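Okay, so here's the structure we're looking at.
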Amino acid sequence: MTDRLDTPQGRQLAYVQTPATAEGVDKPGVVFLGGFKSDMTGTKAQFLEDWAKRHGRAFLRFDYSGHGQSSEDFLDGSIGDWAEDAMAAISSLTQGPQVLIGSSMGGWISLLVAKAMPERVAGLIGIAAAPDFTEDSMWDGFDDGQRAALMNQGAIELPSEYDDGPYVITRHLIEDGRKHLVLRDPLALPFPVRLLQGSADVDVPPAVALRLFEHAESPDLRLTMVKGADHRFSEPENLALIAETLDSLTR
Numbered sequence: 001m002t003d004r005l006d007t008p009q010g011r012q013l014a015y016v017q018t019p020a021t022a023e024g025v026d027k028p029g030v031v032f033l034g035g036f037k038s039d040m041t042g043t044k045a046q047f048l049e050d051w052a053k054r055h056g057r058a059f060l061r062f063d064y065s066g067h068g069q070s071s072e073d074f075l076d077g078s079i080g081d082w083a084e085d086a087m088a089a090i091s092s093l094t095q096g097p098q099v100l101i102g103s104s105m106g107g108w109i110s111l112l113v114a115k116a117m118p119e120r121v122a123g124l125i126g127i128a129a130a131p132d133f134t135e136d137s138m139w140d141g142f143d144d145g146q147r148a149a150l151m152n153q154g155a156i157e158l159p160s161e162y163d164d165g166p167y168v169i170t171r172h173l174i175e176d177g178r179k180h181l182v183l184r185d186p187l188a189l190p191f192p193v194r195l196l197q198g199s200a201d202v203d204v205p206p207a208v209a210l211r212l213f214e215h216a217e218s219p220d221l222r223l224t225m226v227k228g229a230d231h232r233f234s235e236p237e238n239l240a241l242i243a244e245t246l247d248s249l250t251r
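Just so we're aligned: 77 in the UniProt record's numbering is position 77 of the sequence shown, and the numbers increase by one with no gaps anywhere.
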């Protein structure tokens, strides 16, 4: 059943929560953080919820503002807003340290959560994590004409290979993203970190995972590169690897 959370910023987030049973009540809960323009009904979110139910673990999935069933318009949103949403959800809806599982943009959001409230993070799994993508992928990939149009008109459209039409990228998204970059300054992650990356990912290339792997400071950081896996990372063998990784972090 979908519930709603009112955030301190006045936004309303849709979420689904699975409570822990006696089997898992003393173990860290799990929080899934989805990607850019995705929602909490995707394959990985549903798979992880099933995993949590089988293991008696607390699990939370939610929609950022402007995504899925939550309030606000997507085009008004930004990395800062979505990080605030994640922190509000974790602070209000979970207890104790959590294992954060961030997919694509959710990987960036999970790193921002970890920087702001490390005491609430028991471990972090990045699935094709995309830190700083608004700057390093979008802005750096724009030509002069696209940059000029973005600055003058406030938004541009980018083609999407998925079924939801073109991506509209706003000037606000780019400028706000620059306030939340994590790969330019030291990034201390004082807990186990697992990065899962497909070699055939064209949206978030393997070089991004390698850069994050080299940049982050963690006592237990591992990168697993899966040959042939794409950005969705949702094939049965990919999901099995996610479950195996989660099992190893939460025994």
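Glycine residues also receive a C-beta, built at the ideal position from the N, C-alpha and C atoms. Please read all numbers here as calculations on a predicted model, not as lab measurements.
Please state the DSSP three-state secondary structure of residue i.
{"i": "E217", "result": "strand"}
{"i": "A114", "result": "helix"}
{"i": "V202", "result": "coil"}
{"i": "V208", "result": "helix"}
{"i": "A129", "result": "coil"}
{"i": "L150", "result": "helix"}
{"i": "L187", "result": "strand"}
{"i": "E23", "result": "coil"}
{"i": "S65", "result": "coil"}
{"i": "S137", "result": "helix"}
Looking at the unbroken beta strand (DSSP E) that takes in residue i, where does it start and where does it end?
{"i": "residue 257", "result": "There is no way to answer for residue 257, as the model of the chain reaches only from 1 to 251."}
{"i": "D50", "result": "Careful: D50 lies outside any beta strand (DSSP E), inside the alpha helix (DSSP H) at 43-55."}
To which residues does DSSP link residue i through a beta bridge?
{"i": "R4", "result": "A14"}
{"i": "T224", "result": "L196"}
{"i": "G102", "result": "L33, G126"}
{"i": "L60", "result": "Q17, V31"}
{"i": "V121", "result": "Q98"}
{"i": "R182", "result": "This sequence places Val at residue 182; Arg is not what is there. Its beta-bridge partners do not exist; DSSP assigns none."}
{"i": "V168", "result": "E157"}
Along the chain, where does the alpha helix (DSSP H) containing residue i start, and where does it finish?
{"i": "G177", "result": "171-177"}
{"i": "D247", "result": "236-249"}
{"i": "A86", "result": "79-93"}
Going by beta-carbon coordinates alone, are residue i and residue j separated by less than 9 Å?
{"i": "K44", "j": "S103", "result": "yes"}
{"i": "D203", "j": "H231", "result": "yes"}
{"i": "A20", "j": "Q69", "result": "no"}
Between residue i and the ligand NAD, is there a pair consisting of the residue's CB and a ligand heavy atom that are separated by less than 8 Å?
{"i": "P166", "result": "The ligand NAD is absent from the structure shown, which contains no ligands of any kind."}
Stretch pair the region 76-89 + the region 104-113: three plus CB contacts closer than 8 Å: yes
Meets three-Cβ-pair contact criterion under 8 Å: the region 29-39 and the region 211-229: no
Touching by the beta-carbon criterion (3+ pairs, under 8 Å), the region 234-241 and the region 148-166: no
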